[in-house]
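Before any comments, here is the structure.
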Ligand SMILES: CCCCC/C=C/CC(=O)SCCNC(=O)CCNC(=O)[C@H](O)C(C)(C)COP(=O)(O)OP(=O)(O)OC[C@H]1O[C@@H](n2cnc3c(N)ncnc32)[C@H](O)[C@@H]1OP(=O)(O)O
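Numbering (UniProt numbering), first residue to last: 1 to 394.
Following this line, the structure appears as structure tokens:
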């Protein structure tokens, strides 16, 4: 193995002289909300995988890995606090100590999750030309890149107007979980092609399992709830770069973003009543707050389509740019945001989101439960059949 990998491997094994810490992570580790399933074997595999990483993942990630490894193997921090001038050991001690009484099993799971989030991008980095984006492979419906402190998640079904099929729901969740743990400062969602996204892929309703339509509706409600939960809990600033028309769930989710930049060609349309459906993505709560109850009613119940300018006037969109200069202007701005101190950015997001999180989860749960019923209704079935048989379009 090349010498260049050595410092990182040694740092993971608690070698004070090898860890070049330039900043101290002050953030509490994001607790993994998934069930604790990682076995000892999974953990050992992850430890071995770390040795194979081809690229230094950065000091913040290394400290997280170190802390989780110690917590998983030894339990809560049991070392005396290093002196204030012993910078490297103090950073390590702080990271470990910050885990408090996190159980060993949870630490093991978080370690495994963190390593798995690192692996795809690091593997692929070896295949990418120097100077180009770090591109995550393994996605069928997305292009995910990470560069200049920005992780970009791009919907990539342009021939279907970036309609979100079941696979894409899962891939977006996967990409968000990875982005929450990578070393980027902000995460951006955008679309490839002329649409941002035409919302839920209506063929999602056609693949009926053996348990029939009831089971399908239930499965979709579970998936939708988990999907929206990922946006509620996302720990870094989440920014939408709305490159064209947005429909349905791709609009409602914007209420959970931290900033929304749109080109002047974008439109915002939530035709739920027309489709026999009801609001999701927490929009029944966020939209009335953002734009006033009456304006939200026009969109969510009566299906009024907004131009980008109207959506901006109503607070759903942060700023609108001419289509011709959209990409250049927005990415210049985002790159400047991504240079801000990471911990301050993350902590500020947490302060802003914290008092709303519980409420948002409750709203999400209720919306999904209501939708589960709507998907079984004749109104919804007819709307989907009409679209699929080419009898209707928005
Ligand atoms: C787990 C489940 C969670 C469910 C969560 C619920 C969310 C609610 C919603 O999101 S509601 C919104 C649903 N979306 C729609 O109803 C949009 C339907 N699409 C259209 O009306 C039109 O396609 C259009 C107005 C978006 C674009 O029209 P245009 O004429 O420009 O383009 P085409 O219609 O020819 O589209 C090109 C191909 O893309 C396919 N397509 C587009 N959108 C969807 C979609 N949402 N679902 C499935 N397929 C879609 C379209 O069928 C064309 O495919 P083809 O080339 O194979 O014919």
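Here a beta-carbon is modelled for each residue, glycine too, at the ideal position from N, C-alpha and C.
Note that this is a predicted model, so its numbers are computed, not measured.
The region 221-228 makes no contact with the region 303-321; the number of CB pairs closer than 8 Å stays below 3.
Shown here for residue 360: same chain residues with a beta carbon closer than 6 Å to its own, the five before and five after excluded, namely 232, 282 in chain order.
The Cβ-Cβ distance between residue 151 and residue 184 falls below 9 Å. At least one heavy atom of ligand 1 lies less than 8 Å from the C-beta of residue 270. Within the same chain, and ignoring the five residues on either side of residue 209 in sequence, the residues whose Cβ sits closer than 8 Å to its Cβ are 215, 216, 219.
Residue state for residue 203 is assigned as helix, using DSSP reduced to three classes. Nearest in C-alpha terms to residue 69, of all of 264, 175, 48, 350, is 48.
For residue 357 against residue 235, the beta-carbon gap comes to about 11 Å, at or over 8 Å, which does not count as contact.
Look at residue 280 here: in three-state DSSP terms it is coil, with no helix or strand label. Residue 169 holds the alpha-carbon nearest to the alpha-carbon of residue 140 among 169, 148, 344.
Apart from the 5 residues on each side of it in sequence, residue 76 sits with its Cβ closer than 6 Å to the Cβ of 101 in its chain, given in chain order. Look at residue 53 here: in three-state DSSP terms it is coil, with no helix or strand label. Exclusion of residue 209 from the 8 Å shell around ligand 1 follows from its C-beta lying no nearer than that to any non-hydrogen atom of the ligand. In the structure shown, residue 263 adopts extended strand secondary structure according to DSSP, grouped into three states. No residue range can be given for residue 140, since it is assigned to no alpha helix (DSSP H) and is classified by DSSP as neither H nor E. Beta bridge pairing from DSSP links residue 269 with 247.
The shortest CA-to-CA distance from residue 95 to any of 114, 61, 117 is the one to 61. Buried is the label assigned to residue 204, since at least 16 other Cβ atoms lie within 10 Å of its Cβ. Taking the Cβ of residue 183 as the reference point, every heavy atom of ligand 1 lies at 8 Å or farther away. Around the C-beta of residue 390, fewer than 16 other C-beta atoms lie within 10 Å, and the residue is accordingly described as exposed. Counting C-beta pairs closer than 8 Å gives three or more between the region 313-329 and the region 253-268, which meets the contact rule.
Beta-bridge analysis with DSSP links residue 164 to 200.
Residue pairing from DSSP places residue 306 in a beta bridge opposite 268.
Contact between the region 364-384 and the region 274-281 is present: three or more C-beta pairs spanning the two stretches fall below 8 Å. Judged by their CB atoms, residue 300 and residue 239 are not nearer to each other than the 9 Å cut-off.
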